[in-house]
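K.L.:
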Amino acid sequence: MEHERALREELQQLARKRADLNTNKKDDTKHDSNGTKEHAGEPSNRRSVLDRLGDRIDSEAHVSSRKRKEWNEYPSRNQSERSPVDWKRNSFRANEFVKRFRKNERNGTESHVKLRSKVTKPDAGDPSNEPCHEENEADIEEKKHRLLAPHTHKDGMVRNRRLFGSLMDHLGKAKKRIERDTPLFKKQDTKKLQVGEKEKTQSATIEKQARKDSLRLKYERWIARLELDNKEQQTRTKLEHLQKTRKIKHLAHFLPTVSSPSLYYLPRLHTKETEDLVEASLEACQEKIAAQERKVETNLQQIETEIKCNIEKYEKLLKAINDDTLPHENDPIANEDPLETNQKAQPQGPQNYHPHAFLISLKMSQREFVPYHSPIAQEMFGIYALLCGSIGLLCMALFFSKGFATQKNVTMEFSMVLCASFLLGFATLFLFLWAEIYV
């Protein structure tokens, strides 16, 4: 019993270790999922690649544009702080309209000037439509002459030449600037390509290292679970063997019946025949226990060899990972969980053990080694069944006909019914025994 108690405590400790391994596995899967989310494109506080390599990209304009709240703020070209510009106050038409409106408010009058358009016809009585006589005819002629023949005017020709010269000068400067900045642009493009290639190589190496670490952790966890499974299966088989041997030793001092289900009994007073049967039963139980021990040893060796093979397989994979040779992603051996396969293939443990299986096997074994001798011969079962049945039926017939008693007697009737029931019961028992032997 103490050995069984120690094995049960060991099983409880192994179950706690298994629960700890499962919780560690869940935590690792959560950590991996969070890492993949960050890698998938969630916002992080990392700087850009050019910032890390020394070429800082100036993004202050974008930040300042996001932080702007007023509609009239506009950034300067040289990124310096300037006062906000009010576009309403700089608009000439808006200022004129505001001045006129305020002047009318101060005077208490309201102007009724209608707006001109191409669609509406102006009124004749409107004073604003009257022609202005301030302009002279000489000025009008000069304007016409200037518009019709600008090349004949000396000032216009000088102005046009100056404008054309400034335009050509600007185009020449732009061309020289482009020629000067072309190698700088090429250098910038090559640097961007180098930065992109460097980042690709760094991301590939980081991904490879992360996969190696995850596979190493997974294989180490599987090896630990296999070792734990080996210990658990061995302790379970030992515990089952101890329980079976204890039951066999307990039932070895009793004698089973021939009928099924067999009943174990112990005579009150032993005869020489019953003592011989008990000794034979003890010898048979000793042989049974020895055979059971041999079977348990073979089972333990088989379990140990199977789990050792699985451990060696995953140790080889772990060694290959340490040697910078990763397995394929779709490899079934690398992605197979050994504990789940062992649990599916070999469901073991005392919870799957049927309680009547041991009794049936013990009954069959003792039926072979210890033959049971009944005090009544087996050939007489049929005769006893016929005799008891006929007497019981006769008693029932006498009870119903009342031929043996003229007056009513309750005691006699009750005794007659009791005898008839006992006789019919024994008749059915002998009939079943006879049918089991001969039929």
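So for the sequence shown, full-length UniProt numbering puts the first residue at 1; every next one is plus one.
Just so it is clear, CB atoms sit at the ideal spot from N, CA and C, and this is done for glycine as well.
1) Which word fits G172, buried or exposed, when buried means at least 16 other C-beta atoms lie within 10 angstroms of its C-beta?
2) Between Q292 and K249, how many whole angstroms is the CB-CB distance? I'm expecting something under 8 Å.
3) Going by CA-CA distance only, name the one from Q12, M157, V278 that's closest to L269.
4) Among E179, K218, A6, which has the Cα closest to the Cα of I311?
5) Within 10 Å of its beta-carbon, does L50 have 16 or more other beta-carbons around it, so buried, or fewer, so exposed?
6) Tell me whether the beta-carbon of L255 lies closer than 8 Å to the beta-carbon of T274.
7) Among the candidates E287, E306, G389, T271, whose CA atom is the shortest distance from the CA of L226?
8) Find out if the Cβ-Cβ distance for the pair C395, A427 is shorter than 8 Å.
9) For K288, is the classification buried or exposed, using 16 other Cβ atoms within 10 angstroms of its Cβ as the cut-off for buried?
10) Which one or two residues does DSSP pair with P261 in a beta bridge?
11) Given this structure, state the Cα-to-Cα distance separating K316 from N322, to the nearest angstrom.
12) Compare the Cα-Cα distances from S260 to each of N22, Q12, I437, R5 and report the closest residue.
13) Using a Cβ-Cβ cutoff of less than 8 Å, which residues in the same chain neighbour R216 once the five nearest sequence positions on both sides are dropped?
14) By DSSP's criteria, P256 is part of a beta bridge. Which residues make up the other side?
15) Quick test of your reading: E413 and F399, contact by CB under 8 Å. State the CB separation rounded to the nearest angstrom.
16) Between the beta-carbon of T235 and the beta-carbon of L11, is there less than 8 Å?
17) Using the rule of at least 16 other Cβ atoms within 10 Å of the residue's Cβ for burial, across every protein chain shown, is E232 buried or exposed?
18) In whole angstroms, what separates the C-alpha of K143 from that of K186?
19) Classify I303 as buried or exposed, calling it buried when 16 or more other Cβ atoms lie within 10 Å of its own Cβ.
20) Please classify A19 as buried or exposed, where buried requires at least 16 other C-beta atoms within 10 Å of its C-beta.
21) What three-state label does DSSP hand D169 in the structure shown?
22) L423: which of T411, Q209, L393, E220 sits nearest, CA to CA?
23) Roughly how many whole angstroms lie between the Cα atoms of A357 and H253?
24) Compute the beta-carbon to beta-carbon distance between A385 and W434, rounded to the nearest angstrom, for a pair I have assumed lies under 8 Å.
25) Smallest Cα separation from C285: which of T271, R246, Y314?
26) Would you mind reading off the limits of the alpha helix (DSSP H) that contains T271?
27) Checking 8 Å against the spacing of the C-beta atoms, do E4 and L239 come in under that value?
28) Within its chain, find whatever has a CB closer than 7 Å to the CB of V417; leave out the 5 residues flanking it on each side and keep chain order.
29) Check for me: the alpha helix (DSSP H) holding M380 runs from which residue to which?
30) Taking a contact to mean a Cβ-Cβ separation below 8 Å, would you say L263 touches T271 in this structure?
31) Can you give the Cα-Cα distance for R8 and R294, rounded to whole angstroms?
P.N.:
So, to answer that:
1) exposed
2) That belief does not hold up - the Cβ atoms of Q292 and K249 are roughly 11 Å apart, past 8 Å.
3) V278
4) K218
5) Per-residue confidence for L50 stands at a pLDDT of 43, beneath the threshold of 50, marking its modelled position as unreliable; the derived number appears in the next sentence. When all chains shown are included, L50 counts as exposed.
6) yes
7) E306
8) no
9) buried
10) Note: P261 sits in no beta bridge, so no partner.
11) 10 Å
12) I437
13) L318, I321, N322
14) Y264
15) 6 Å
16) yes
17) buried
18) 54 Å
19) buried
20) exposed
21) helix
22) L393
23) Per-residue confidence for A357 stands at a pLDDT of 47, beneath the threshold of 50, marking its modelled position as unreliable; the derived number appears in the next sentence. Rounded to whole angstroms, A357 to H253 spans 20 Å at the Cα level.
24) 6 Å
25) R246
26) Per DSSP, T271 belongs to no alpha helix (DSSP H) and is neither H nor E.
27) yes
28) F399
29) Here M380 belongs to no alpha helix (DSSP H), and DSSP marks it neither H nor E.
30) no
31) 22 Å
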